[in-house]
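**Student:**
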Amino acid sequence: MSIITLTTDFGTKDHFVGAIKGTIYTELPNARIVDISHLISPFNITETAYILKNAYKSFPEGSIHIIGVDSELNSENKHIALKLDNHFFICPDNGVISLLAAEIQPEKIVEINIHDRIKTSFPVLDVFVKVACHIARGGTLEVIGKVIPKFRQIIELQPSISADNTTISGNIIYVDNYGNSISNISKKIFQEVGKGRAFEVIANRYIFKEIYTKYSDIVDFSLPKEQRQKDGTRMAIFNSANYLEIAMYRSNSNTVGGAFSLLGLNYRDVLTIKFL
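Numbering (the working numbering), first residue to last: 326 to 601.
1. Can you tell me where the beta strand (DSSP E) with Y381 in it begins and where it stops?
2. Using the C-alpha atoms, what's the distance from I543 back to Q478?
3. List in chain order: all unbroken beta strand (DSSP E) runs of 3+ residues lying wholly within the region 504–529.
4. Going by the beta-carbon positions, is the gap between N509 and I498 smaller than 8 Å?
5. In whole angstroms, give me the CA-to-CA distance for I296 and K599.
6. Would you mind giving the Cβ-Cβ distance between C458 and L353, rounded to the nearest angstrom? I have them listed as a contact below 8 Å.
7. Measure the alpha-carbon distance for D489 versus R522 and round it to whole angstroms.
8. Identify every run of the beta strand (DSSP E) within the region 337–366, keeping only runs that are complete inside it and at least 3 residues long; order them along the chain.
9. I'd like the span of the beta strand (DSSP E) that includes S494, first residue to last.
10. In chain order, what are the residue ranges of uninterrupted beta strand (DSSP E) at least 3 long that sit wholly in the region 377–455?
11. Just checking, does the region 404–411 make contact with the region 421–434 on the three C-beta pairs under 8 Å criterion?
12. Less than 8 Å between the beta carbons of R551 and L601, yes or no?
13. Going by DSSP, which residues form a beta bridge with T333?
14. Give the single residue among L364, M326, F447, T491 whose Cα lies nearest to the Cα of Q516.
15. Measuring CA to CA, which of I536, I415, N496 is closest to F476?
16. When the Cα atoms are used, what is the spatial distance from E386 to M326?
17. Can you name the residues that DSSP bridges to Y572?
18. If you measure between the beta carbons of V623 and I469, is that distance less than 8 Å?
19. Any chance the CB of R559 is under 7 Å from a heavy atom of the ligand MG?
20. Between N369 and the rest of its own chain, which residues show a CB-CB distance below 8 Å, the 5 nearest in sequence each way excluded?
21. So, helix, strand or coil for I598, using DSSP?
22. Does F533 come out as helix, strand or coil in the three-state DSSP assignment?
23. Roughly how many angstroms separate the alpha carbons of L587 and S400, rounded to a whole number?
24. By Cβ distance below 6 Å, which residues in the same chain neighbour L596 in space, the five residues on each side in sequence not counted?
25. Report yes if the CB atom of T373 is closer than 8 Å to the CB atom of I392, and no otherwise.
26. So the candidates are T445, F585, F341; which of them puts its Cα closest to the Cα of E397?
27. Identify whether I486 lies in helix, strand or coil by the three-state DSSP scheme.
28. Tell me whether K471 sits in a helix, a strand or coil according to DSSP, three-state version.
29. In terms of alpha-carbon separation, which member of V342, N379, G336 lies closest to L364?
Take a look at the structure:
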């Protein structure tokens, strides 16, 4: 039985997540359900995409991922199911797939067309669950939808590169639990464009001339403790997901503060790399 994951902005106070799980177990008593997150900021598609991109690869191939963020059906927000990287995704066609499919193209995409048989105001429960259980039983995508050639793209999920390859312009797409501000500029794009050149990372009025690979790389452990970098030192780093992040060393959003609060780097703010 395939694993079914849930990623939503429903929170944990209300009945929504429990109802979804209960419906899955009613249809598939032996189902295996994993919560990726239910604390996505409401309607935040880029945050959803970032979290899901960095979580789904840890699951076995064939896993089924239900995405319940901005999922209300309307003429501009269809529902789709797709197979990508040997995983299945069931979601609104609101651009959430853009980041996942930036480097890996979907093998197949269908527009879900079972709504005429299911009247609902809660599509994640009544439609997405039906589709997930169908796939988990070995059903094909064509049974629940018509094949379509593409999905909706969100431009802000991808950085832009200047014509002369001297500048990469990106945006903050996620602020993590430590208050670190994560951009949409990947290490791969940085290396492909930079080709080893010197650079400056510009974030608001702050300039960084080095990008670390570990948080502790900023510390010179050969120095006595009182002379080392202190908690809260600002730094640029390629994080474990290989995205450029502006961080505060050993940050804590409740005490020391993170890049989000201390440097004013919020969702959608611009971050630029200039090659020298």
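All C-beta atoms in this analysis are idealised placements derived from N, C-alpha and C, irrespective of residue type, glycine included.
**Tutor:** Let me spell this out:
1. One-based indexing of the sequence shown puts residue 381 at position 56. Note, Y381: premise wrong, no beta strand (DSSP E); alpha helix (DSSP H) at 370–381.
2. Working through the sequence shown from its first residue, we reach residue 478 at position 153. Working through the sequence shown from its first residue, we reach residue 543 at position 218. Straight-line Cα distance between these residues: approximately 37 Å.
3. 506–511, 524–528
4. Along the sequence shown, read from residue 1 onward, the residue named residue 509 stands at position 184. Along the sequence shown, read from residue 1 onward, the residue named residue 498 stands at position 173. Result yes, Cβ atoms of N509 and I498 sit closer than 8 Å.
5. Nothing can be reported for residue 296: it is not among the residues displayed for the chain, which extend from 326 to 601.
6. For the purposes of this step, residue 458 is taken as residue 133 along the sequence shown, with counting starting at 1. For the purposes of this step, residue 353 is taken as residue 28 along the sequence shown, with counting starting at 1. That belief holds up - the Cβ atoms of C458 and L353 are roughly 5 Å apart, short of 8 Å.
7. In the sequence shown, counting from the first residue as 1, residue 489 sits at position 164. In the sequence shown, counting from the first residue as 1, residue 522 sits at position 197. Between D489 and R522, the C-alpha separation is close to 14 Å.
8. 357–362
9. Residue mapping note: residue 494 aligns to position 169 of the sequence shown, counting from 1. Unbroken beta strand (DSSP E) run through S494: 492–500.
10. 389–393, 404–409, 412–417, 433–437
11. yes
12. Here residue 551 refers to the residue found at position 226 of the sequence shown. Here residue 601 refers to the residue found at position 276 of the sequence shown. It is worth fixing the name first, because residue 551 is Glu in this sequence and not Arg. Taking 8 Å as the Cβ cut-off, E551 and L601 do not qualify as a contacting pair.
13. One-based indexing of the sequence shown puts residue 333 at position 8. In the DSSP output, where bridge partners are listed per residue, T333 has G393.
14. Taking the sequence shown and counting its residues from 1, one reaches residue 516 at position 191. Checked all of L364, M326, F447, T491; the closest Cα to Q516 is T491.
15. Your numbering for residue 476 matches position 151 in the sequence shown. Of the listed residues, the one whose Cα sits closest to F476 is I415.
16. By 1-based counting over the sequence shown, the position of residue 386 is 61. By 1-based counting over the sequence shown, the position of residue 326 is 1. Roughly 12 Å separates the two Cα atoms.
17. Here residue 572 refers to the residue found at position 247 of the sequence shown. Residue 572 is actually Ala in this sequence, not Tyr. Note: A572 sits in a beta bridge opposite M560.
18. Residue 623 is absent from the structure shown; the chain starts at 326 and stops at 601.
19. Ligands in the displayed structure: none, and consequently the ligand MG is not present.
20. Counting from 1 along the sequence shown, the entry for residue 369 is found at position 44. These residues qualify, in order along the chain: D334, V394, Y592.
21. To locate residue 598, count along the sequence shown from 1; it is residue 273. I598 falls in the strand class under three-state DSSP.
22. Counting from 1 along the sequence shown, the entry for residue 533 is found at position 208. Strand at F533.
23. Locating residue 587 in the sequence shown gives position 262, where the first residue counts as 1. Locating residue 400 in the sequence shown gives position 75, where the first residue counts as 1. Cα-Cα distance, rounded: 41 Å.
24. In the sequence shown, counting from the first residue as 1, residue 596 sits at position 271. G495, S508, A528, listed in sequence order.
25. Taking the first residue of the sequence shown as 1, we reach residue 373 at position 48. Taking the first residue of the sequence shown as 1, we reach residue 392 at position 67. It is a contact, given that the beta carbons lie within the stated cut-off.
26. Walking along the sequence shown from the start, residue 397 turns up at place 72. E397 has its Cα closest to that of T445, out of T445, F585, F341.
27. The residue labelled residue 486 in the question sits at position 161 within the sequence shown. DSSP places I486 in strand when its eight states are reduced to three.
28. Indexing the sequence shown from 1 puts residue 471 at position 146. The answer is strand: DSSP assigns K471 an E or B state.
29. Here residue 364 is taken as the residue at index 39 of the sequence shown, counted from 1. It is G336.
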